[in-house]
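Asks: Going by the working numbering, the letters in the sequence shown line up with residues 2 to 398, in that order.
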Amino acid sequence: MDETVRYTYRLRPGAQAVSALNAEWGRCRWLWNEAVHQQKTGAKPTFCTLSKLLTAARARNAWLRDGSQVAQQQTLRTYAQTLAHSYTVKGRGRPQPKRRKTSRPSLEYTRRGFAVKDGRLRIAGGATIPVVWSRDLPSDPTSVRVYQDSLGHWYASFVVTRTVEPATDADGGIGIDWGVATTATTTDPRFDLPHLGHRKRCAAALAKAQRKMARRRRPRGHAQSGGYRRAARQAAKLHKKAARQTTHDARVWARRVVNHHALIAVEDFKPKFLARSTMARKAADAAIGTTKRVLIEYGKRAGRKVVLVPPAYTTMTCAQCGTRAKDRLGLGQRVFRCGHCGNADDRDRNAARVILAVAERGHADVDDVRHSIPSPRGGRSGAVRARNPLPSGMGKR
Ligand SMILES: [Zn+2]
Numbered sequence: 002m003d004e005t006v007r008y009t010y011r012l013r014p015g016a017q018a019v020s021a022l023n024a025e026w027g028r029c030r031w032l033w034n035e036a037v038h039q040q041k042t043g044a045k046p047t048f049c050t051l052s053k054l055l056t057a058a059r060a061r062n063a064w065l066r067d068g069s070q071v072a073q074q075q076t077l078r079t080y081a082q083t084l085a086h087s088y089t090v091k092g093r094g095r096p097q098p099k100r101r102k103t104s105r106p107s108l109e110y111t112r113r114g115f116a117v118k119d120g121r122l123r124i125a126g127g128a129t130i131p132v133v134w135s136r137d138l139p140s141d142p143t144s145v146r147v148y149q150d151s152l153g154h155w156y157a158s159f160v161v162t163r164t165v166e167p168a169t170d171a172d173g174g175i176g177i178d179w180g181v182a183t184t185a186t187t188t189d190p191r192f193d194l195p196h197l198g199h200r201k202r203c204a205a206a207l208a209k210a211q212r213k214m215a216r217r218r219r220p221r222g223h224a225q226s227g228g229y230r231r232a233a234r235q236a237a238k239l240h241k242k243a244a245r246q247t248t249h250d251a252r253v254w255a256r257r258v259v260n261h262h263a264l265i266a267v268e269d270f271k272p273k274f275l276a277r278s279t280m281a282r283k284a285a286d287a288a289i290g291t292t293k294r295v296l297i298e299y300g301k302r303a304g305r306k307v308v309l310v311p312p313a314y315t316t317m318t319c320a321q322c323g324t325r326a327k328d329r330l331g332l333g334q335r336v337f338r339c340g341h342c343g344n345a346d347d348r349d350r351n352a353a354r355v356i357l358a359v360a361e362r363g364h365a366d367v368d369d370v371r372h373s374i375p376s377p378r379g380g381r382s383g384a385v386r387a388r389n390p391l392p393s394g395m396g397k398r
């Protein structure tokens, strides 16, 4: 079976290529802003009407004709898609104008707009850019996106097809609970992922750059100095480096988990639970977000069963008997002790086991599972008793 993926490579454009790319971006940005203006003045621009607008605009303006039609068309296609998503996808806003100072270049070329020749990327308009081939392309690319990141580095992201390696045979399930000190606590300690703190490791260098920024900052309304911008760039570089190391660790870990398990039960972590306070927490949150996304993607790609379990009550419920504790565990309390069956376990490990139990029984959340685990003492589960202390029937009177 084939799958369509993106392979991204660093570009090393020369001065000429950079100015060509920036000029192309300027034209595409103008088109985008024109489309935004159309939408704001009442017309609902479809890709078809936008294409007509492009043809008319190219006929009128020689400077627009200088640019690549492929890149310009793709810009409008992206716009039409963004606009459509703003109506159908929850949380997406309408497309906004792209400002010269704040938007980053991003150009898209379909097959007739680019070629890879002698290890270089040749794009419509004549720019030839050396590519850092960090790995081989698995197939001929069908399209490419050339973009610049926040550090000013250029990349080419090729759309390619590759054959899916058949997933290794695996059985059994794993439950995963996210946390701060340990990014992922699982039902099997061998698969735990400790928080490696890449951000913390470069904290001293980062603080140095930030102090430099503070010293050189000019008051509002004044252009910042070159020294300030250099320091800001250094800080951004350190942030990006830490984020990349986190992503790499997440990928290695996720691959190992996916290779060894058929069922993957994941706590459906929402970052806002933790991100309120300290920098360390925010870093942990970012690591969890990345790791969760990668794990789900790899799991689905390998054909594993991936179940997202809402985190409510997972730390309060006993994995052995399903009893829910009356009180929430404090964050400092690392051991879960069940008042019903006496089961004592690491707090996160217990939560991971509950998450796995929910998924294994095919339930949607913890509320379903605590009624289905039979109490070891027989009869009704303790959870029900804890909630309704009166003997059955008495409460109704
Ligand atoms: Zn228990």
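Where is the CB? At the ideal position from N, CA and C, for every residue including glycine.
Looking at the secondary structure, which residues open and close the beta strand (DSSP E) in which Leu122 lies?
Replies: In the sequence shown, the residue the question calls residue 122 occupies position 121. It spans Arg121 to Ile124 - the beta strand (DSSP E) in which Leu122 sits, taken as one unbroken run.
Asks: Just to confirm my understanding: we take Phe48, look at its own chain, exclude 5 residues before and 5 after, and list those with CB closer than 7 Å. What are they?
Replies: Stepping through the sequence shown from its first residue, residue 48 is reached at position 47. The answer, listed in chain order, is Leu77, Arg78 and Ala81.
Asks: Kindly identify the DSSP beta-bridge partner or partners of Glu268.
Replies: Your numbering for residue 268 matches position 267 in the sequence shown. Note: Glu268 sits in a beta bridge opposite Val310.
Asks: Here's the rule: buried if 16 or more other CB atoms are within 10 angstroms of the residue's CB, otherwise exposed. What is Ala21?
Replies: One-based indexing of the sequence shown puts residue 21 at position 20. Classification of Ala21: buried, given that the 10 Å Cβ count is 16 or more.
Asks: Counting only runs that start and end within the region 203-268, where is the beta strand (DSSP E) found for 3 or more residues in a row?
Replies: You should have 264-268.
Asks: I'd like the span of the alpha helix (DSSP H) that includes Glu4, first residue to last.
Replies: If you number the sequence shown from 1, residue 4 lands on position 3. No alpha helix (DSSP H) contains Glu4, which is instead part of the beta strand (DSSP E) from Asp3 to Leu12.
Asks: DSSP state of Val355, grouped into three classes?
Replies: Translated into the one-based positions of the sequence shown, residue 355 becomes position 354. Note: Val355 maps to helix in three-state DSSP.
Asks: Give the straight-line distance between the Cα atoms of Pro377 and Gly180, rounded to the nearest whole angstrom.
Replies: What you label residue 377 is simply residue 376 of the sequence shown in a count that begins at 1. What you label residue 180 is simply residue 179 of the sequence shown in a count that begins at 1. Residue placement at Pro377 is poorly supported in this model, since its pLDDT is 46, which falls under 50; the coordinates still yield a value, given next. Their Cα atoms are separated by approximately 30 Å.
Asks: In the DSSP assignment, the beta strand (DSSP E) including Phe192 goes from what residue to what residue?
Replies: Here the question's residue 192 lines up with position 191 in the sequence shown. Premise fails: Phe192 is in no beta strand (DSSP E) and is neither H nor E.
Asks: How about the region 139-147 and the region 32-46: do they share at least three Cβ pairs that are nearer than 8 Å?
Replies: No, the region 139-147 does not touch the region 32-46.
Asks: Using C-beta distances below 8 Å, list every residue in its chain close to Val132, excluding the 5 sequence neighbours before and after it, in chain order.
Replies: Indexing the sequence shown from 1 puts residue 132 at position 131. These residues qualify, in order along the chain: Tyr10, Arg11, Leu12, Arg13, Val117, Gly120, Arg121, Leu122 and Ala157.
Asks: Compute every distance between the C-beta of Thr315 and the non-hydrogen atoms of ligand 1, then say whether any falls below 7 Å.
Replies: Working through the sequence shown from its first residue, we reach residue 315 at position 314. Incorrect: Thr315 has no Cβ contact closer than 7 Å to ligand 1.
Asks: In the DSSP output, which residue or residues are listed as bridge partners for Trp155?
Replies: As a working mapping, residue 155 is identified with position 154 in the sequence shown. For Trp155, which the question treats as bridged, DSSP gives the partners Leu12 and Gln149.
Asks: Around the Cβ of Glu166, are there at least 16 other Cβ atoms within 10 angstroms (buried) or fewer (exposed)?
Replies: Taking the first residue of the sequence shown as 1, we reach residue 166 at position 165. Result: exposed.
Asks: Determine whether the beta carbon atoms of Val310 and Val267 lie at a separation below 8 Å.
Replies: For the purposes of this step, residue 310 is taken as the residue at position 309 of the sequence shown. For the purposes of this step, residue 267 is taken as the residue at position 266 of the sequence shown. It is a contact, given that the beta carbons lie within the stated cut-off.
Asks: Considering Cα atoms alone, identify which of Glu4, Gly15 and Ala263 is closest to Thr401.
Replies: The question about residue 401 has no answer here: the residues shown for the chain are numbered 2 through 398.
Asks: Pull up the DSSP beta-bridge partners for Val160, would you.
Replies: Within the sequence shown, numbered from 1, the residue matching residue 160 stands at position 159. Val160 is bridged to Arg7 and Ser144.
Asks: When the Cα atoms are used, what is the spatial distance from Thr248 to Asp286?
Replies: Indexing the sequence shown from 1 puts residue 248 at position 247. Indexing the sequence shown from 1 puts residue 286 at position 285. Using only the alpha carbons, I get a separation of about 13 Å.
Asks: Just grab the DSSP bridge partners of Pro139 for me.
Replies: As a first step, residue 139 is located in the sequence shown; it is residue number 138 there, counting from the start. Pro139 pairs with nothing; no bridge assigned.
Asks: Within 10 Å of its beta-carbon, does Ser69 have 16 or more other beta-carbons around it, so buried, or fewer, so exposed?
Replies: Reading the sequence shown from its first residue, position 68 is the one you call residue 69. Its Cβ being crowded by 16 or more others within 10 Å, Ser69 is buried.
Asks: Just to confirm, is the Cβ distance from Leu51 to Ala58 under 8 Å?
Replies: For the purposes of this step, residue 51 is taken as residue 50 along the sequence shown, with counting starting at 1. For the purposes of this step, residue 58 is taken as residue 57 along the sequence shown, with counting starting at 1. In this structure, Ala58 does not lie closer than 8 Å to Leu51 by Cβ.
Asks: To which residues does DSSP link Val133 through a beta bridge?
Replies: As a position in the sequence shown, residue 133 is number 132, starting the count at 1. Val133 is bridged to Arg11.
Asks: If contacts are defined as beta-carbon pairs under 8 Å, then Pro96 and Leu108 qualify, I think. What distance do you get, rounded to the angstrom?
Replies: If you number the sequence shown from 1, residue 96 lands on position 95. If you number the sequence shown from 1, residue 108 lands on position 107. About 17 Å; that fails the 8 Å criterion.
Asks: In three-state DSSP terms, what is Glu35?
Replies: Residue mapping note: residue 35 aligns to position 34 of the sequence shown, counting from 1. Note: Glu35 maps to helix in three-state DSSP.
Asks: Would you call Gln17 buried or exposed, if buried means 16 or more other Cβ atoms sit within 10 Å of its Cβ?
Replies: For the purposes of this step, residue 17 is identified with residue 16 of the sequence shown, where counting begins at 1. Gln17 comes out exposed.
Asks: For Arg93, collect the residues of the same chain with a Cβ closer than 7 Å to its Cβ; drop the 5 residues on either side in sequence, then sort them by chain order.
Replies: On the sequence shown, residue 93 is found 92 positions in, with the first residue counted as 1. Excluding positions up to five away in sequence, the list reads His86 and Ser87.
Asks: With Ile265 and Lys306 assumed to form a contact (beta carbons below 8 Å), what rounded beta-carbon distance in angstroms separates them?
Replies: In the sequence shown, counting from the first residue as 1, residue 265 sits at position 264. In the sequence shown, counting from the first residue as 1, residue 306 sits at position 305. The Cβ separation is near 7 Å, so the contact holds.
Asks: Comparing alpha-carbon positions, which option in Thr318, Gly228 and Thr183 lies nearest Ile289?
Replies: In the sequence shown, counting from the first residue as 1, residue 289 sits at position 288. Of Thr318, Gly228 and Thr183, the residue nearest in Cα terms is Thr183.
Asks: Would you mind stating whether Val359 and Asp366 have Cβ atoms separated by less than 8 Å?
Replies: Stepping through the sequence shown from its first residue, residue 359 is reached at position 358. Stepping through the sequence shown from its first residue, residue 366 is reached at position 365. A contact, by the Cβ cut-off of 8 Å.
Asks: Quick one: grab the DSSP three-state call for Ala365.
Replies: Position 364 of the sequence shown, counted from the start, is the residue given in the question as residue 365. If DSSP states are grouped into helix, strand and coil, Ala365 belongs with coil.
Asks: If we count Cβ pairs, one from each stretch, closer than 8 Å, do we get three or more for the region 220-232 versus the region 324-341?
Replies: No, the region 220-232 is not in contact with the region 324-341.
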